[in-house]
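Our numbering runs 1 ahead of the 1-based position in the sequence shown.
Data first, discussion second: the structure below is written as structure tokens.
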Amino acid sequence: MAFKQRVFSGVQPTGNLHLGNYLGAIKRFVELQQTYDCIYCVVDMHAITVPVSVWGGPAELRRATREVTAAYIACGIDPNKHIVFNQSQVAGHAELAWVFNCVARMGWLGRMTQFKEKAGKDRENASVGLFAYPALMAADILVHRATHVPVGEDQKQHLELTRDIAQKFNNDFAESIAANGHEGGFFPLTEPIIQGPGMRIMSLRDGTKKMSKSDASDNSRINLTDDADTIAQKIRRAKTDPDALPSEEAGLEPRPEADNLVGIYAALADTTKAEVLKQFGGGQFSTFKTALADLAVAKLSPIAAEMKRLTADPAHIDAVLAGGSDRAGAIAAETMNAVKDIVGFIRH
Ligand code: TYM
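What follows is the structure, encoded as structure tokens:
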């Protein structure tokens, strides 16, 4: 069956949004609006899979949900032409996640590296939700029968699992799917969109660790709400090595910190690492860092200012989420009616 082309992606409202979230995800969400119908979600139900002390409790969850929504809009997502909403307002996500909990196998979920990392050594104490997280993520995507999902590289394994779940559902229920008039499988096998120099942004303190919300050092990341001085200072202090920048991309390979900074420049400037090295290769890091700081401030400061303006009016943000939820809810309800018929749940 030919599926309607549709983009879906999500960001968790936990901690601060950082440059990795922007370059790996949100900036690309903005670009895809030109070619696809897009649905962008603030995944508040995923946020509560870690201990309350980590996600911060109800007031913090509300604040962070509004902040991610503000970031979407400030970066250039149009909530009128496309759909912006928070996950918990559309019940179909949780409903389909339950069905997928019964389709996915323990072994599949047990292999997920994000679960292993987040659960750490004390697996017995991890929430059931953390383990089932990827089934909910598959439900997010497939309740909208999305065909394309832009994400950073760290989400690749979850997207492979989403395809496995879709495939197993299509196989397990093949007869019922055909009997209900859906030809060639009910769920699409979603294509990940993981491309460009921004797909894996690393810590500014250690080029072998990914930039993350949970890193104890604030100097390891650039937050979307950082002011110009903070951004410049973090870039100046970013770890580097004593050598000059290479002129060819191959020269970056054994140098993770240099590779990361060149990648950040390329992603911010919408160019390639090779082009950046043509301009800065052979030069000193100090010169390059000054140029990078200027570029980062020029690109990020307007976003921070717009986020500040938007978050000052929470009622407006809540209205955006309400409108988006109604529209996303209509799509999800249609999928869930079909899923219930396929599975054999009686409905009226
Ligand atoms: P989350 O909230 O951790 O991150 C949001 C997006 O930012 C990307 N990202 C990065 N990209 C490049 N470099 C980095 N250092 C970096 N850090 C984060 C992530 O890859 C992601 O695209 N499970 C998802 C949220 C989710 C979702 C979905 C995504 C839930 N349901 C359905 C897509 C479709 C997550 O935890 O993202």
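For every residue, glycine included, the Cβ atom is placed at its ideal position computed from N, Cα and C.
All of these numbers come straight from a predicted model, not from anything done at the bench.
Please tell me whether, using a cut-off of 7 Å, the distance from the CB of residue i to the nearest non-hydrogen atom of the ligand TYM is below it.
{"i": "L24", "result": "yes"}
{"i": "S10", "result": "yes"}
{"i": "M308", "result": "no"}
{"i": "Q83", "result": "Here residue 83 turns out to be His, not Gln, going by the sequence shown. False, no ligand heavy atom lies under 7 Å from that Cβ."}
{"i": "S248", "result": "no"}
{"i": "M138", "result": "yes"}
{"i": "G330", "result": "no"}
{"i": "I202", "result": "yes"}
{"i": "V55", "result": "no"}
{"i": "M113", "result": "no"}
{"i": "S213", "result": "yes"}
{"i": "I142", "result": "yes"}
{"i": "H47", "result": "yes"}
{"i": "G21", "result": "yes"}
{"i": "G208", "result": "no"}
{"i": "H145", "result": "no"}
{"i": "H159", "result": "yes"}
{"i": "V263", "result": "no"}
{"i": "D155", "result": "yes"}
{"i": "G199", "result": "yes"}
{"i": "V51", "result": "no"}
{"i": "V43", "result": "no"}
{"i": "V152", "result": "yes"}
{"i": "Q90", "result": "no"}
{"i": "Q13", "result": "yes"}
Under a three-way DSSP split, which group does residue i fall into?
{"i": "F170", "result": "helix"}
{"i": "D38", "result": "strand"}
{"i": "S10", "result": "strand"}
{"i": "V85", "result": "strand"}
{"i": "M308", "result": "helix"}
{"i": "E192", "result": "strand"}
{"i": "M113", "result": "coil"}
{"i": "K210", "result": "coil"}
{"i": "M46", "result": "helix"}
{"i": "A198", "result": "Checking the sequence, you will find Pro at residue 198 rather than Ala. The answer is coil: DSSP assigns P198 none of H, G, I, E or B."}
{"i": "H317", "result": "helix"}
{"i": "H351", "result": "Outside the displayed range of the chain (2 to 349) lies residue 351, so it cannot be described from this structure."}
Using the Cα positions of residue i and residue j, report the straight-line distance between them to the nearest angstrom.
{"i": "R67", "j": "E254", "result": "39 Å"}
{"i": "G208", "j": "M113", "result": "23 Å"}
{"i": "S218", "j": "K279", "result": "32 Å"}
{"i": "T226", "j": "T312", "result": "11 Å"}
{"i": "M203", "j": "I347", "result": "49 Å"}
{"i": "G325", "j": "F286", "result": "45 Å"}
{"i": "D155", "j": "H83", "result": "25 Å"}
{"i": "V31", "j": "Y37", "result": "10 Å"}
{"i": "T1", "j": "T336", "result": "What is shown of the chain runs 2 to 349, which leaves residue 1 out entirely."}
{"i": "A229", "j": "G21", "result": "17 Å"}
{"i": "P315", "j": "G345", "result": "42 Å"}
{"i": "F132", "j": "V44", "result": "16 Å"}
{"i": "I343", "j": "G264", "result": "46 Å"}
{"i": "F101", "j": "A329", "result": "19 Å"}
{"i": "A245", "j": "E192", "result": "39 Å"}
{"i": "F289", "j": "R124", "result": "44 Å"}
{"i": "G93", "j": "I332", "result": "9 Å"}
{"i": "D327", "j": "K309", "result": "26 Å"}
{"i": "K210", "j": "N220", "result": "13 Å"}
In terms of alpha-carbon separation, which member of the options lies closest to residue i?
{"i": "S248", "options": "Q234, S221, D230, T273", "result": "T273"}
{"i": "A99", "options": "G130, A329, G111, G197", "result": "Reading off the sequence shown, one finds Trp at residue 99, where the question assumed Ala. W99 has its Cα closest to that of G130, out of G130, A329, G111, G197."}
{"i": "F86", "options": "Y266, L225, S10, L269", "result": "S10"}
{"i": "A334", "options": "E96, R64, E184, R201", "result": "E96"}
{"i": "K235", "options": "A245, L262, F188", "result": "L262"}
{"i": "L1", "options": "A72, E176, S177, T15", "result": "In the structure as shown, the chain begins at 2 and stops at 349. Residue 1 is therefore absent and cannot be evaluated."}
{"i": "A139", "options": "T163, Q158, H149, V150", "result": "T163"}
{"i": "A136", "options": "E154, Q158, D230", "result": "Q158"}
{"i": "T69", "options": "R328, L322, G185", "result": "Strictly speaking, residue 69 in this sequence is Val, with Thr absent from that position. When each option's Cα is compared against that of V69, the closest is L322."}
{"i": "V340", "options": "G21, N17, A180, R7", "result": "A180"}
{"i": "M212", "options": "T191, N17, G77, R310", "result": "N17"}
{"i": "P14", "options": "I78, A167, K214", "result": "K214"}
{"i": "R29", "options": "V150, H145, H183", "result": "V150"}
{"i": "A267", "options": "G199, Q6, K5, K240", "result": "G199"}
{"i": "R106", "options": "I166, D327, L269, A233", "result": "I166"}
{"i": "F187", "options": "R237, S221, A147, Q35", "result": "A147"}
{"i": "A26", "options": "V152, H94, K122", "result": "V152"}
{"i": "I318", "options": "A3, I195, R63, V12", "result": "R63"}
{"i": "L160", "options": "I195, K240, Q34, G282", "result": "I195"}
Kindly say whether residue i, judged by its beta-carbon, lies nearer than 8 Å to any beta-carbon of chain C.
{"i": "N224", "result": "Absent from the structure is chain C; it holds one protein chain and no more."}
- Could you tell me whether the stretch 284-300 touches the stretch 52-67, using the rule of 3 or more Cβ pairs below 8 Å? Output reads no: the stretch 52-67 does not touch the stretch 284-300.
- Item | Three or more C-beta pairs below 8 Å linking the stretch 107-124 and the stretch 304-324 | Too few Cβ pairs lie closer than 8 Å, so no.
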